[in-house]
Amino acid sequence: MASSSVASPLCTWLVAACMSVSCDKEHSFKPSAFQSPERLGRRARRKRLASKCSAGGHNFQGGSISAFCGSSLQGLMSSYLAFEPCEEYYSSKGLSSLGFFGDNGFSLFGSRDGLMTRRQRRMNRAAPSGKTMAVAVQPAKEVIRKKPLTTQRRVVVTGMGVVTPIGHDPDIFYNNLLEGVSGISEIEAFDCAQFPTRIAGEIKSFTSDGWVAPKLSKRADKFMIYMLTAGKKALADGGITEEVMHELRKDKCGVLIGSAMGGMKVFNDGLEALRVSYKKMNPFCVPFATTNMGSAMLAMDIGWMGPNYSISTACATSNFCILNAAKHIIRGEADMMLCGGSEAAVIPIGLGGFVACRALSKRNSDPTKASRPWDINRDGFVMGEGAGVLLLEELEHAKERGANIYAEFLGGSFTCDAYHMTEPHPEGTGIVLCMEKALAQSGLAREDVNYINAHATSTPAGDLKEYQALIRCFGRNPELRVNSTKSMTGHLLGAAGAVEAVATVQAIRTGWVHPNINLENPDEGVDMNVLVGPKKERLDIKGALSNSFGFGGHNSSIIFAPYK
3 MASSSVASPL CTWLVAACMS VSCDKEHSFK PSAFQSPERL GRRARRKRLA SKCSAGGHNF
63 QGGSISAFCG SSLQGLMSSY LAFEPCEEYY SSKGLSSLGF FGDNGFSLFG SRDGLMTRRQ
123 RRMNRAAPSG KTMAVAVQPA KEVIRKKPLT TQRRVVVTGM GVVTPIGHDP DIFYNNLLEG
183 VSGISEIEAF DCAQFPTRIA GEIKSFTSDG WVAPKLSKRA DKFMIYMLTA GKKALADGGI
243 TEEVMHELRK DKCGVLIGSA MGGMKVFNDG LEALRVSYKK MNPFCVPFAT TNMGSAMLAM
303 DIGWMGPNYS ISTACATSNF CILNAAKHII RGEADMMLCG GSEAAVIPIG LGGFVACRAL
363 SKRNSDPTKA SRPWDINRDG FVMGEGAGVL LLEELEHAKE RGANIYAEFL GGSFTCDAYH
423 MTEPHPEGTG IVLCMEKALA QSGLAREDVN YINAHATSTP AGDLKEYQAL IRCFGRNPEL
483 RVNSTKSMTG HLLGAAGAVE AVATVQAIRT GWVHPNINLE NPDEGVDMNV LVGPKKERLD
543 IKGALSNSFG FGGHNSSIIF APYK
């Protein structure tokens, strides 16, 4: 409806209320005052209206209504002291457009531009009683309340848990990295003689005893078992005993652990059973295959009722989970968050799928040499499996319970290449943007980041594009050191970022960065003064960045620093 045809609904209501107010007999409005059977002229109607309302000394003042019928209407109007007409009212002809008062009728709130005709001025002569009502309908001044200045809640790492091809304890895992131990070997879980790739970062000696209920261990997919184990180990590492757990606010503790592939083994077993009969299918097939169920089962086990879900963004999954978990803490929605990723895709369908993508190394004769980021002879990545979980905590909450603080989480960022399903953008645009946004959120300067745990998976295109992006952002820092954990663990897909985040935090804790193994002949344009060599190196880390990228063009960067 056009604004010129009808005024504000509240204005209309006020007029209707005015017309229904009971007045003294000598001042009462008769229907004929507004609606006469006779067709009165415009001027006659106005005169009659003015005489009726001025009989008790009540006039129209300055374009506002002057106590039509004594105290009763005045009381009605006084309850709207703070009312301000809407823009629709000012853009229309006011109440005159309703036909009550003719084309030149008065307005309840006056004219915004203050202009009025000679006839209006004659009608709107001053009256003492009008002053009170004129004040009553003046719009109240808006009170702007400034938000109090608040300091952003800080997030720290107080616990870590891992299940990897080179160790299931954070210290053992990192010591093996420092020593250059490779976890790549021939696959033993199934017969893969028919595949062109027969190697992986397979977990061979693992037990969930004491961490996962035996019955659940038999039913659940390995990705869930790895997740539950790593999650509980992170709690134990963070000093969350039964006594401490009892004191925690469970509604302020959450779980955000993701997976790229989910329960592939459980789902594949369901398909095989379906070939016989649906009656042979595991009733847990669907829930145990979904990526969110690991976080859900862990929360059920420990009773944490805060934010709980999973994110799946291919090989960038873990970083997405870690950054979003930190945001829950920063926003005050949680005090503690278990976050990270888990993966168990070293099964026939997983291996076959990546072989079909032509993404895997075929260096079967020498498995430990197969994963070789930035080396000119690299021929694809090596699959890995496992889980990594960080216990993130709000700083004051951690200090209050006397937690051991490993490092501080400063921030991160996500971007999308919007270019190709599996290939990186040729200019590395999305990667550069992601790292720059992460820097901006962390508050660090470029020269403050002197260690980068790269995504570098040992693929021909990916390694070089990331290296070039790193040099564009941080190349002027003479202290910069870059390495790739995947040279020893293989690519843990959705769990890679979390396991590498643990490695990054361990580098901050120990002051040592692990080597890049198998980097024998650097690719053209790669500066070995930037990349860590074949031996561990001592480094006083100021700021550490960890990258994870995934199929679909998903880019993620997270930043840690020593807690001060």
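If you count the sequence shown from 1, you need to add 2 to reach my numbering. Note that CB positions come from ideal geometry on N, CA and C, so glycine has one too.
| Check | Outcome |
| --- | --- |
| For the stretch 475-489 and the stretch 305-312, state whether three or more C-beta atom pairs, one from each stretch, are separated by less than 8 Å. | no |
| Hey, quick one: how far does the beta strand (DSSP E) through G265 stretch, first residue to last? | No beta strand (DSSP E) contains G265, which DSSP labels as neither H nor E. |
| Determine the closest residue to T459 out of P480, L353, W376, with distance taken between C-alpha atoms. | W376 |
| What residue does the beta strand (DSSP E) around H556 start on, and which one ends it? | 556-563 |
| So, do the stretch 311-331 and the stretch 233-248 have three or more beta carbon pairs nearer to each other than 8 Å? | no |
| Excluding the 5 residues preceding and the 5 following T491 in the sequence, name in chain order all residues of the same chain whose CB lies nearer than 7 Å to its CB. | T166, P167, I168, G185, G203, G386, V501 |
| Is the beta carbon of S297 less than 7 Å from the beta carbon of V357? | no |
| Which runs of the alpha helix (DSSP H) fall wholly inside the stretch 178-266 and span at least 4 residues, in chain order? | 216-221, 224-239, 244-249 |
| Closest to I519 by CA distance: which of K566, T370, K329 is it? | T370 |
| Quick check: the Cα distance between C359 and I227, rounded to an integer number of angstroms? | 28 Å |
| Please classify H248 as buried or exposed, where buried requires at least 16 other C-beta atoms within 10 Å of its C-beta. | exposed |
| Using a 10 Å radius around the Cβ and a threshold of 16 neighbouring Cβ atoms, would you call L340 buried or exposed? | buried |
| Taking the beta strand (DSSP E) that I454 belongs to, which residues open and close that run? | 453-455 |
| Confirm, please, whether the CB-CB distance from T319 to G1 is below 7 Å. | The displayed coordinates of the chain run from 3 to 566. Any statement about residue 1 would go beyond what the structure contains. |
| Checking 7 Å against the spacing of the C-beta atoms, do L541 and V515 come in under that value? | yes |
| So what does DSSP say about P289, is it helix, strand or coil? | helix |
| Rounded to the nearest angstrom, how far is the Cβ of L276 from that of M266, given a contact under 8 Å? | That belief does not hold up - the Cβ atoms of L276 and M266 are roughly 15 Å apart, past 8 Å. |
| Using a 10 Å radius around the Cβ and a threshold of 16 neighbouring Cβ atoms, would you call M295 buried or exposed? | buried |
| I need the boundaries of the beta strand (DSSP E) containing T1, first residue and last residue. | Because residue 1 is not part of the residues shown, which for the chain are 3 to 566, the question remains open. |
| Nearest to E190 by CA position, among G233, G161, F383, V348, is which residue? | V348 |
| Measuring only the C-alpha atoms, how far is P350 from L273? | 13 Å |
| Can you look up R483 in the DSSP assignment and give me helix, strand or coil? | strand |
| Would you tell me roughly how many angstroms separate the C-alpha atoms of Q443 and Q154, rounded to the nearest one? | 12 Å |
| If you measure between the beta carbons of P172 and V504, is that distance less than 7 Å? | yes |
| Could you check whether L392 and M162 sit closer than 7 Å to each other, using their CB atoms as the reference points? | yes |
| Specify the secondary structure class of A336 as computed by DSSP and reduced to three states. | coil |
| Report back the beta-carbon spacing between I561 and G535 to the nearest angstrom; my notes put them in contact at under 8 Å. | 24 Å between Cβ atoms; not a contact. |
| Leaving out five residues before and five after A291 in sequence, what residues of the same chain have Cβ atoms less than 6 Å from its Cβ? | G264, G265, V268, F269 |
| Let me check understanding here. Comparing Cα to Cα, which of R474, N406, A389, T461 lies closest to G430? | R474 |
| Quick check: what's the CA-CA separation for A447 versus G552? | 26 Å |
| Provide the residue span of the beta strand (DSSP E) that contains T160, from first to last. | 157-165 |
| For the alpha helix (DSSP H) that E398 lies in, which residues bound it at each end? | 397-402 |
| Are there 16 or more other CB atoms within 10 angstroms of the CB of H556, so buried, or fewer, so exposed? | buried |
| Measuring alpha carbon to alpha carbon, tell me which residue in M530, L521, D525 is nearest E481. | M530 |
| Buried or exposed: where does V139 fall if 16 or more other Cβ atoms within 10 Å of its Cβ makes it buried? | For V139, the predicted structure reports a pLDDT of 45, less than 50, and the residue's modelled location is therefore unreliable. A value from the coordinates is still provided. Buried. |
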